[in-house]
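Numbering-wise (numbering that gives the first Met the number 0), the sequence shown opens with residue 0 and increments by one. Even for Gly, the Cβ is constructed at its ideal location relative to N, Cα and C.
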Amino acid sequence: MNVWLTRIIPDPRNRAAGQDLTGSGSAVHLHRRLMSMFPDGLGSDARAKLGVLFRAEDTPAGTHILLQSTYEPDTARLPDGYGTVLSRPLDPLLDALRAGLAVRYRCVASPVRKPGATTRAAYGLPAVVALGGAAADEWWARQAETCGLRPATLTSLPLDSIRAQRGRSGPAAQQRIRHNRTRFDGTATITDPDLLRAKIVEGIGRGKAYGCGLLSIAPARAVG
């Protein structure tokens with residue numbers, strides 16, 4: 000399987016880029032923009048079939064978009080003047096993963112728990128409960144272990160929640176999207192490289208269509 004990593008640096012003067020990055024519907028707009036770079040006609044599960052995951056990051060130079068996919072995106076499908084784009088294969092990094100390797104990681108995820116029916120009835124809880132603070136950190140520690148990582152350090156940063164309508168008209172306009180987000184950064188040691196590769200491609204947690212779940216790693220000099 001080939002995996003591609005594409006970095007997009009949007010031009011803030013470009014109208015389409017501005018729409019994709021600002022306002023309450025930006026997560027939905029950006030999802031549609033990135034999916035427009037891939038073939039049509041793949042059905043309702045196109046994002047998963049193409050392995051599309053993305054994350055918008057604020058940097059000193061402005062917003063950067065990281066797009067990961069198992070199909071090479073056609074960047075020519077972006078609007079003229081949208082921004083600077085660079086795609087490269089991620090396979091060399093994935094192939095170099097090995098047990099015991101120290102890595103740095105970053106993941107913007109939507110940590111939640113799903114109480115059982117008895118607990119929901121007893122405390123009046125919804126089916127999905129958003130987590131923050133120490134509970135979010137504990138969630139990430141469990142996720143990391145199931146990804147083939149043994150965390151050494153962790154810094155977490157709450158981000159703005161994603162809140163939008165799924166569509167502009169019809170039933171989709173009545174469907175509300177809401178995902179709380181936390182950015183997790185730190186260092187870890189790889190315990191299972193095969194599992195880690197699979198989880199990097201699959202993504203972590205909920206909200207993958209709207210900028211959550213992309214796990215990025217890079218070699219670290221030391222852990223601990």
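Proximity to residue 130 across 82, 214, 46 and 204 peaks at 204, based on C-alpha coordinates.
Approximately 18 Å separates the beta-carbon atoms of residue 135 and residue 186; this is outside 8 Å, ruling out the contact. Counting only the Cα atoms, residue 96 lies some 17 Å from residue 213. In this structure, DSSP gives residue 205 a state outside helix and strand, which the three-state scheme calls coil. Of the candidates 107, 28, 74 and 40, the residue whose Cα lies closest to the Cα of residue 54 is 107. Under the three-state reduction of DSSP output, residue 71 falls in the coil class, being neither helix nor strand. About 5 Å separates the Cβ atoms of residue 76 and residue 35, confirming a contact at the 8 Å cut-off.
Collapsing the DSSP output to three states places residue 95 in coil. Residue burial annotation: residue 85 is exposed, with fewer than 16 other C-beta atoms found within 10 angstroms of its C-beta. When the five nearest sequence neighbours on each side are left out, the beta carbons in the same chain lying within less than 8 Å of the beta carbon of residue 98 are those of 189, 190, 191 and 192, in order along the chain. By alpha-carbon distance to residue 38, the top candidate from 220, 51, 146 and 27 is 51.
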